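Its first residue numbered 5, the first sequence is counted upward by one per residue in this note's numbering.
Every residue, glycine too, gets a C-beta built ideally from N, C-alpha and C.
Everything numeric in this text was worked out from a predicted model, so none of it was measured.
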Amino acid sequence: MNSISNPILQKLRLKNPKLVLLSQCSNIQDLKIIHAHMLRTHFFFDTFASSRIIAFCIDKPNFLTYAIKVFSQIYNPNIFIFNALIRGCSTSENPENSFHYYIQSQRIGLLPDNITHPFLVKACSKIESLKMGMQVHGQIIKHGFELDFYVQHALVYMYASLGDLMAAMFIFKRMGRFDVASWTCMIAGYHKFGDVESARELFDKMPDRNLVTWSTMISGYARNNRFDKAVEMFGILQDEGVVANEVVMVGVISSCAHLGALAVGEKAHEYVMRNGLALNVILGTAIVDMYARCGDVEKAIRVFKGLEEKDVLCWTALISGLAMHGYAMKALEYFSEMEKNGIFPRDITFTAVLKACSHGGLVEKGLEIFESMKRDHGVEPRLEHFGCMVDLLGRAGKLEEAEKFIHEMPVKPNAPIWGALLGACRIHRNVEVGERVGKILIQMKPEHSGYYVLLSNIYARTNKWKDVTVMRRLMKEKGVRKPPGYSLIEIDGKVHEFTIGDKTHPEIDKIERMWEVILQKIKVAGYIGNTGEALFDIDEEEKEDALHRHSEKLAIAYGIMKIRGPTPIRIVKNLRVCEECHTATKFISQVFEVELIVRDRNRFHHFRKGACSCMDYW
DNA sequence: GTAGGGTTAG
5 MNSISNPILQ KLRLKNPKLV LLSQCSNIQD LKIIHAHMLR THFFFDTFAS
55 SRIIAFCIDK PNFLTYAIKV FSQIYNPNIF IFNALIRGCS TSENPENSFH
105 YYIQSQRIGL LPDNITHPFL VKACSKIESL KMGMQVHGQI IKHGFELDFY
155 VQHALVYMYA SLGDLMAAMF IFKRMGRFDV ASWTCMIAGY HKFGDVESAR
205 ELFDKMPDRN LVTWSTMISG YARNNRFDKA VEMFGILQDE GVVANEVVMV
255 GVISSCAHLG ALAVGEKAHE YVMRNGLALN VILGTAIVDM YARCGDVEKA
305 IRVFKGLEEK DVLCWTALIS GLAMHGYAMK ALEYFSEMEK NGIFPRDITF
355 TAVLKACSHG GLVEKGLEIF ESMKRDHGVE PRLEHFGCMV DLLGRAGKLE
405 EAEKFIHEMP VKPNAPIWGA LLGACRIHRN VEVGERVGKI LIQMKPEHSG
455 YYVLLSNIYA RTNKWKDVTV MRRLMKEKGV RKPPGYSLIE IDGKVHEFTI
505 GDKTHPEIDK IERMWEVILQ KIKVAGYIGN TGEALFDIDE EEKEDALHRH
555 SEKLAIAYGI MKIRGPTPIR IVKNLRVCEE CHTATKFISQ VFEVELIVRD
605 RNRFHHFRKG ACSCMDYW
């Protein structure tokens, strides 16, 4: 580039370089021009000038390596430059590098200032090392910064988030003054450690709150899988007349996505529009994801199309949404459109695309894309991509091929990989491969109950009753339990939860009577009912009997009671739907002429006119 | 002599 005609360099001559650097530089090319100019004019050897380069690079993740290279050229770095590096590392992928720069600064005899330590403490929180945290705390005391307000905040958050609540409280209580951030740090720490109750207690007690406090609470609940609580908090926020910002709404909307609470999610979306919040990529992606996960793919596409800025995660959210619903061709269309838009796919993008292929049964296409990952896009396949491939082959009934694929993988297969093959054995009723895989899985994950159940079922099938007894005894001895299954249904903006054998719902008697009515009607239509031993169940709920209905049956019965007209009944289940319930639901969609949209842990099932969109493979 | 900090997000 001709340097004379470059507008940045023209300004550089006219103005103070530091101002130009701060205001004009927006990308690495510009930065390099300025850097080169500084080297040519020897201006770079001014510590203040070179420090501006570092400071510019440090808060942009892609520029960190550049900053470190620049740093290595500086003869006499001061504490400001070290602070910048420590800060940059503490928020990077490898926070432990900040310790390296701290030690280096000490070695050349620089004294830390009041800015240095908070970032080191932050790095300890991030790498989750209490041991390191205590060492840094020692340094803080040694250099006399333990009474610094910011240092105290960082320490409170660090100790609380790493579970040393005594230490966190000790520092918190001894702080000379408090502001909203002090309380918020403590709350954030509780949430990171997973103690949502203590976080809430403090939240209720604190004198005043700001939007960071609200979003800390809401996303804290969400991070700890208390999505119902997150939504509840949003209600309280509105009652108190607070207006949420984008960050708060990301927490609220992603909670709705997890709950499958479409009506609440729609309201939150309206709230965003009504209050004129900025529909940035993050919030936009959360909304797209919410509609897809709540079963309204069309709306997800509409919102997606209306977004001004779309990055790779945003495209991936849509593709993965389409994949979940089994719209494989549509997912692939968006994938190629994404590439046409110059967005480079990432590892998670390929997960979504490969899932689309496996849910849609596009074996050849999936193999093709898998091959292209590294070759054309430079993305190294990870375990989950191999898992998708096992799924893909398994679905097609190529069980031996899938098994061979696992054995030939360049990385060591983990339990979910074998689990994918096991799922395929369940669908294709392959006892031979199933037994082999089941044994491997039990060895790998002795605490996972599903694998014992599976293997014992396989033995029962092959009349190896001795082995069945062994399996059952092993399960008892190890005390393995299944995760409790639950189903959610949203009625009039309220989410109802059902678990197996749970009698706590206020309308439970009516619901159970409703189920009996449903059962009779679908039996007339040809439904045979519980066929006894459910083979090959991996992570389904406990075996059901007349008193213990699987949770989705209760949810469906409740839906039929409450939902009128053409509105589909939407259910969200935490486990995978079992074969029995799947068949029953198909009958229900036919007999009651109703559309049922069930999201299980694996994908969506759209039941319509006696058939399911998954084509009975899930 | 200058500059920089803590708590929230897909």
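* **Residues near Leu215 by beta carbon distance below 8 angstroms, same chain, minus five either side** => Val246, Ala248, Asn249, Val251, Val252
* Would you be able to state if there are at least three C-beta pairs under 8 angstroms between the segment 148 to 164 and the segment 184 to 203? => yes
* Looking only at its own chain, which residues have a Cβ that is under 8 angstroms from the Cβ of Gly614, when we skip the five neighbours before and after it? -> Lys590, Phe591, Ser593, Gln594
* Asked: Is the beta carbon of Leu387 less than 8 angstroms from the beta carbon of Gly370?
  -> no
* Between which two residues does the alpha helix (DSSP H) harbouring Ile532 extend? -> Element bounds for Ile532: n/a, residue is neither H nor E.
* Asked: In angstroms, rounded to a whole number, what distance separates the CA positions of Arg278 and Trp422?
  -> 48 angstroms
* To do: Would you kindly check if the distance between the Cβ of Phe502 and the Cβ of Leu579 is under 8 angstroms?
  => no
* To do: Can you tell me the Cβ-Cβ gap for Glu494 and Gly264, rounded? I've got them flagged as a contact below 8 angstroms.
  => 7 angstroms
* Tell me, please, whether the segment 294 to 311 touches the segment 265 to 272 by the rule of three or more beta-carbon pairs shorter than 8 angstroms. => yes
* **Spatial neighbours of Val316 in its chain, beta-carbon cut-off 8 angstroms, leaving aside the 5 residues before and after** => Met342, Ile347, Phe348, Pro349, Arg350, Thr353
* **Ser491 - partner residues in DSSP beta bridges** => Phe502, Lys577
* Asked: Would a C-beta distance cut-off of 8 angstroms place Leu311 and Gly288 closer than the cut-off?
  -> yes
* Per DSSP, cross-strand counterpart(s) of His452 -> BP columns for His452 are empty, so no partner.
* Asked: Can Cys260 and Val235 be called in contact, C-beta distance under 8 angstroms?
  -> yes
* Report the rounded CA-to-CA distance for Lys402 versus Leu426, giving the unit in angstroms. => 12 angstroms
* Proximity of Ser340 and Met294 at Cβ, strictly below 8 angstroms -> no
* At what residue ranges does the segment 36 to 86 contain a whole run of the beta strand (DSSP E), taking only runs of 3 or more? -> none
* To do: Can you give me the start and stop residues for the alpha helix (DSSP H) that Phe238 sits inside?
  => 231 to 243
* To do: Could you spell out where the beta strand (DSSP E) holding Arg433 opens and where it closes?
  => Segment: none, Arg433 is in no beta strand (DSSP E) and carries neither H nor E.
* Would you please state the rounded distance, in angstroms, between the beta carbons of Ala327 and Ala356? I believe it to be under 8 angstroms. => 5 angstroms
* Asked: Which one of Ile112, Arg379, Met448, Lys443 has the shortest CA to CA distance from Ser460?
  -> Lys443
* To do: Mind the definition here: the segment 562 to 577 touches the segment 596 to 607 only if three or more C-beta pairs lie below 8 angstroms; say whether that holds.
  => yes
* Asked: Roughly how many angstroms lie between the CA atoms of Tyr275 and Ala282, to the nearest whole one?
  -> 12 angstroms
* Go to Ile560, then tell me how far its alpha helix (DSSP H) extends in each direction, as first and last residue. => 555 to 566
* Among Asp620, Phe176, Ala185, nearest to Trp218 - alpha-carbon criterion -> Ala185
* So, are the CB atoms of Ala127 and Pro99 less than 8 angstroms apart? -> yes
* Excluding the 5 residues preceding and the 5 following Arg91 in the sequence, name in chain order all residues of the same chain whose CB lies nearer than 7 angstroms to its CB. => Ile62, Phe123
* Rounded separation between Ser129 and Ser94 - CA only -> 9 angstroms
* Asked: Between Phe60 and Ser54, is the Cβ-Cβ spacing less than 8 angstroms?
  -> no
* **Same chain, Cβ closer than 7 angstroms to Leu478, five either side skipped, listed in chain order** => Tyr456
* Asked: His609 to Ile573, Cα distance in whole Å?
  -> 12 angstroms
* Pick helix, strand or coil for Ile352, following the three-state DSSP scheme. => helix
* Thinking C-beta only, is Lys480 closer than 8 angstroms to Glu451? -> no
* To do: Look at the alpha carbon of Phe390 and the alpha carbon of His509, and state the distance between them as a whole number of angstroms.
  => 42 angstroms
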